[in-house]
Amino acid sequence: MAIDKDLEAAIAVTRFGLGAKPGEIGRARGDPQGFLADQIRTQGAELADSSGAGSIARMGEFLAYQQERKTARLDGDPKSDPVKIAAKLIRQDTGADFLARVRLGAATDAGFRERWALFWANHFTVSANKLATATLVGPFESEAIRPHVFGRFEPLLVASSSHPAMLIYLDQAQSIGPGSRRAAFAAQGGRRAGLNENLAREIMELHTVAVDAGYTQADVTEFAKAMTGWSVAGAREPEGLRGRFIFREGAHEPGARTIMGRRYAENGAGQALAVMKDLAGSPHTARHIAVKLGRHFVADDPPPSLTARLERVYLSTDGDLGQVARALISAPESWDPQARKFKMPYEFMVSSWRLAGVDPDRLEVVAPTMTAMGQKPFSAPSPKGWSEAAQDWCAPDAVIKRMAWSEGLADKAAGDRDPSQLAVEALGPRLTSAVAKAVSRAETRSEGLSILLMSPEFQRR
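Written out as structure tokens, the structure reads:
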């Protein structure tokens, strides 16, 4: 169904982007699809500048913390207290990284590019559920995700799977082949060394082919064996290697592997790379990614025709995500006038800041609010990432918390601005007469803005 340019511009900004800044829908009006296509670039997405250290330096901090933890004698000096050192690392590193990401979202003129990057960061989830990963989540996004989001899928898969954050988060760094030299050495000393299947399982189940591809537990185990040796250099390694990806040949399970009917010869670290190459090129992976993209951008139950379109482009371009992005924004199904997606707390808050022109510069305000709404910063509840389903975000208690936050933001940001004009800036032709009337009849500008933020049209995209 054809729609006019005004509505198409509103959809471009509010569905594909992060919500409208004043004037943004107007800028998209001339060529809404071109407005989005211009945001696709080979160098990937912007890096959230926290002015913090990268993963190598962060791992150095963590290794120093581990050493302090081993040797500290708690004598009342806070500088020698490992617990306080850990809290400082999280506050300075993780908090600064998250705030930088939020501020980027609130200010960027490339909302589609940022949303696309956030999708892939959620697809390859690393959660701050332990100190080591908490300090590495920000560098993981900057180093493994954002530079690759418009490139081919295979390099993105390899970069995320080999990054220290992922290797630690899913316990791959400690995985040792049962027939490896390291396992034999451990056995001689009466120690146990074991295979860990977490990363191999999640790569297959969540990152690539998904559960309906027909793989077996034996396939997961074989892939886990192929990945043995993929680790992170620790304190005992030379200083130049510490905190980096390292292949520990002595921990690698020797021999050929058969995974999903294909045989992979012994090739050290290259054995797992060969498996990833085939997983990235699988039609099952193409379909899994197509469904997830449709679910994120269009509807919780995406149109099958959109899935098929994205799947075909993925396979015909060797997983070129830039071309997949172009297929998404050119698909008629993506421009359905009905807004079917309910904003997650992060999306809701960022879109509100964008409309209100607010720079969220205080982590002590941002983080507790987002946590109260159910989306604790950098802390997805599992490797599956944050849920896309509306039912997980629109419970009555969650809506009440959004309302309270909206009122507080409106009190601070409304100023002397006309909320009726802001409603037009926020939604364009998506603004209904009922919401426009409610906003215009508000007793104060602050109340008018809060009504707009809590309207069904603003809550959905």
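If you're matching positions, the sequence shown starts at 0 in numbering that gives the first Met the number 0 and goes up one per residue. Built from N, CA and C at the ideal position, the CB exists for glycine as well.
Excluding five sequence neighbours on each side, which residues of the same chain lie with their C-beta closer than 7 Å to the C-beta of ALA131?
Counting only Cβ-Cβ distances below 7 Å, and skipping sequence neighbours, we find PHE61 and ILE167.
Select from GLY94, ILE24 and ALA9 the residue whose C-alpha is nearest the C-alpha of VAL365.
Comparing alpha-carbon positions, the option among GLY94, ILE24 and ALA9 lying closest to VAL365 turns out to be GLY94.
Residue range of the unbroken beta strand (DSSP E) whose run includes PHE244
PHE244 -> beta strand (DSSP E) spans 244-246.
Would you mind sorting GLU442 into buried or exposed? The rule is 16 or more other CB atoms within 10 Å of its CB.
Residue environment analysis places GLU442 among the exposed positions, since fewer than 16 neighbouring C-beta atoms fall within 10 angstroms of its C-beta.
Pairs of beta-carbons, one from the segment 244-263 and one from the segment 284-298, closer than 8 Å: are there three or more?
Segments in contact, no.
Identify which residue in ALA250, ALA371 and THR431 has its Cα closest to the Cα of GLN173.
In terms of CA proximity to GLN173, ALA250 leads the group ALA250, ALA371 and THR431.
Rounded straight-line distance, which links the Cα of ALA183 to that of GLN191
Looking at the sequence provided, one finds Arg at residue 191 rather than Gln. About 9 Å.
Hey, quick one: how far does the beta strand (DSSP E) through TYR263 stretch, first residue to last?
Looking at the DSSP string, the run of the beta strand (DSSP E) that includes TYR263 is 261-263.
Once DSSP output is grouped into helix, strand and coil, what is the label at TRP392?
Three-state result, TRP392: coil.
Roughly how many angstroms lie between the CA atoms of GLY427 and THR207, to the nearest whole one?
The straight-line gap from Cα to Cα measures roughly 38 Å.
Would you report the Cα separation of ALA116 and LEU46, rounded to the nearest angstrom?
Here the alpha carbon of ALA116 sits roughly 10 Å from the alpha carbon of LEU46.
Could you give the distance in angstroms between the alpha-carbon of PRO113 and the alpha-carbon of ALA425?
Note on identity: in this sequence residue 113 is Glu, with Pro being the wrong assignment. Linking GLU113 to ALA425 through their CA atoms gives a straight-line distance of about 18 Å.
Report the residue ranges of all alpha helix (DSSP H) runs contained in full by the segment 291-368; include only those spanning at least 4 residues, in chain order.
Counting only runs of 4 or more residues that sit fully inside the segment 291-368, the alpha helix (DSSP H) segments are 303-315, 320-329 and 344-355, in chain order.
Three-state secondary structure (DSSP) of ARG460
It is coil, neither helix nor strand.
So the candidates are LEU205, GLN216 and ASN195; which of them puts its Cα closest to the Cα of SER230?
Taking only the C-alpha atoms, the option nearest SER230 is ASN195.
With a cut-off of 8 Å, do at least 3 Cβ pairs link the segment 356-371 to the segment 314-328?
Verdict: no, contact absent.
How many angstroms separate the CA atom of GLU252 from the CA atom of MET203?
Approximately 19 Å, taken between the alpha carbons.
In whole angstroms, what is the alpha-carbon distance linking PHE347 and GLU387?
Distance between the alpha carbons of PHE347 and GLU387 is about 14 Å.
List, from N- to C-terminal side, the alpha helix (DSSP H) runs of 4 residues or more that fit wholly inside the segment 109-172.
Counting whole runs of 4 or more residues, the segment 109-172 contains the alpha helix (DSSP H) stretches 110-122, 130-133, 136-139, 152-161 and 163-168.
Do ASP396 and ARG339 have their C-beta atoms closer together than 8 Å?
Not closer than 8 Å, so no.
Are SER281 and LEU305 closer than 8 Å when you measure CB to CB?
Cβ atoms of SER281 and LEU305: not closer than 8 Å.
Which of helix, strand or coil DSSP assigns to THR220:
Residue state, collapsed to three classes: helix.
At the level of alpha carbons, what is the spacing between ALA355 and ALA412?
Distance from the CA of ALA355 to the CA of ALA412, rounded to the nearest whole angstrom, comes to 6 Å.
Please state whether the Cβ-Cβ distance between GLY242 and ALA255 is less than 8 Å.
Cβ atoms of GLY242 and ALA255: not closer than 8 Å.
Which class does THR257 belong to by DSSP, given the choice of helix, strand or coil?
DSSP places THR257 within a strand segment (E or B) once states are collapsed to three.
From which residue to which residue does the beta strand (DSSP E) around VAL231 run?
Per DSSP, VAL231 is one residue of the beta strand (DSSP E) stretching across 229-231.
Could you have a look at THR443 and say whether DSSP puts it in helix, strand or coil?
Looking at THR443 - three-state DSSP - the assignment turns out to be coil, as it is neither helix nor strand.
Extent of the continuous alpha helix (DSSP H) to which ASN195 belongs
Where ASN195 is concerned, there is no enclosing alpha helix (DSSP H), given that its DSSP letter is neither H nor E.
Taking only three categories from DSSP, how would you classify ASP511?
Since the displayed the chain opens at 0 and closes at 460, residue 511 lies outside it and no answer follows.
Report the three-state DSSP secondary structure of HIS283 (helix, strand or coil).
Looking at HIS283 - three-state DSSP - the assignment turns out to be helix.
How about the segment 139-147 and the segment 32-40: do they share at least three Cβ pairs that are nearer than 8 Å?
Three or more Cβ pairs closer than 8 Å define a contact, and the segment 139-147 falls short of that threshold against the segment 32-40.
So, are the CB atoms of GLU248 and GLY269 less than 8 Å apart?
Contact check for GLU248 against GLY269 fails: the beta carbons are separated by 8 Å or more.
Backbone CA spacing between LYS4 and ARG26 [nearest angstrom]
Between the alpha carbons of LYS4 and ARG26 lies a distance of about 12 Å.
Quick one: give me the first and last residue of the alpha helix (DSSP H) that ILE2 is part of.
The continuous stretches of alpha helix (DSSP H) do not include ILE2, and DSSP gives it neither H nor E.
For ALA28, which residues in the same chain have their Cβ closer than 7 Å to its Cβ, ignoring the five residues on either side in sequence?
For clarity, residue 28 is Arg in the given sequence; the question names Ala instead. Close CB contacts of ARG28 within its chain, under the 7 Å cut and outside five residues either way in sequence, are with LYS4, ASP5 and ALA8 (chain order).
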